[in-house]
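Residue numbers (our numbering): 1060 to 1202.
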């Protein structure tokens, strides 16, 4: 979901020329090759993001050189990503996405095992974090 939101914000001006590749993956291969959860897609469509397509994949060593930033949704995945990067290196800045909450750092709870409302909460968090990241990273750019 966060990828779809971030892509929607960066696929048009003023960020289109500033952001290159946007992708998402997991630290485990649990759903590798699967489409997003139907509730994720319903939430995105409900919020006006209708062109998102994705196939789940596991993080690769090369991701740490391909991307400038790698965001974790929660602290467990952050630790896993940091450990992996310590072993293999890479230029990516690995961070908790919720550091861009605008308040104290937050985690995005995985809504998969909960009800529909969890997807709405995750959407709202990912949208806020995305906007705050863009504002902080490109302070002279007006959205």
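From the three backbone atoms N, C-alpha and C, an ideal C-beta is built for every residue, glycine too.
As the structure is a prediction and not an experimental result, all values here were calculated from the model.
Taking residue i as part of the beta strand (DSSP E), name the residues at either end of that continuous run.
i, result
"residue 1129", "1128-1131"
"residue 1152", "1152-1155"
Among the residues of its own chain, which have a CB less than 6 Å from the CB of residue i, if the five just before and after it don't count?
i, result
"residue 1167", "1132, 1181 and 1184"
"residue 1061", "1185"
"residue 1161", "1191"
Confirm, please, whether the CB-CB distance from residue j to residue i is below 8 Å.
i, j, result
"residue 1192", "residue 1077", "no"
"residue 1119", "residue 1091", "no"
"residue 1099", "residue 1178", "yes"
"residue 1101", "residue 1115", "no"
Beta-carbon within less than 8 Å of residue i's beta-carbon, same chain only, minus the 5 sequence neighbours each way: which residues are those?
i, result
"residue 1127", "1150, 1151 and 1152"
Restricting to Cα atoms, I'd like to know which of the options is closest to residue i.
i, options, result
"residue 1084", "1147, 1129 and 1124", "1129"
"residue 1135", "1169, 1179, 1200 and 1202", "1169"
"residue 1104", "1158, 1163 and 1063", "1063"
"residue 1125", "1171, 1082 and 1195", "1082"
"residue 1123", "1070, 1148 and 1195", "1148"
"residue 1121", "1144, 1106, 1139 and 1107", "1144"
Under the DSSP definition of a beta bridge, which residues are partnered with residue i?
i, result
"residue 1117", "1085"
Along the chain, where does the alpha helix (DSSP H) that runs through residue i open and close?
i, result
"residue 1100", "1097-1105"
"residue 1178", "1175-1196"
"residue 1067", "1061-1069"
"residue 1094", "No alpha helix (DSSP H) holds residue 1094; DSSP gives it neither H nor E."
"residue 1123", "1122-1125"
"residue 1169", "Where residue 1169 is concerned, there is no enclosing alpha helix (DSSP H), given that its DSSP letter is neither H nor E."
"residue 1137", "1134-1147"
Might you give, ordered along the chain, the residues of its own chain that have their beta carbon closer than 7 Å to the beta carbon of residue i, omitting 5 neighbours on each side?
i, result
"residue 1164", "1155, 1157 and 1158"
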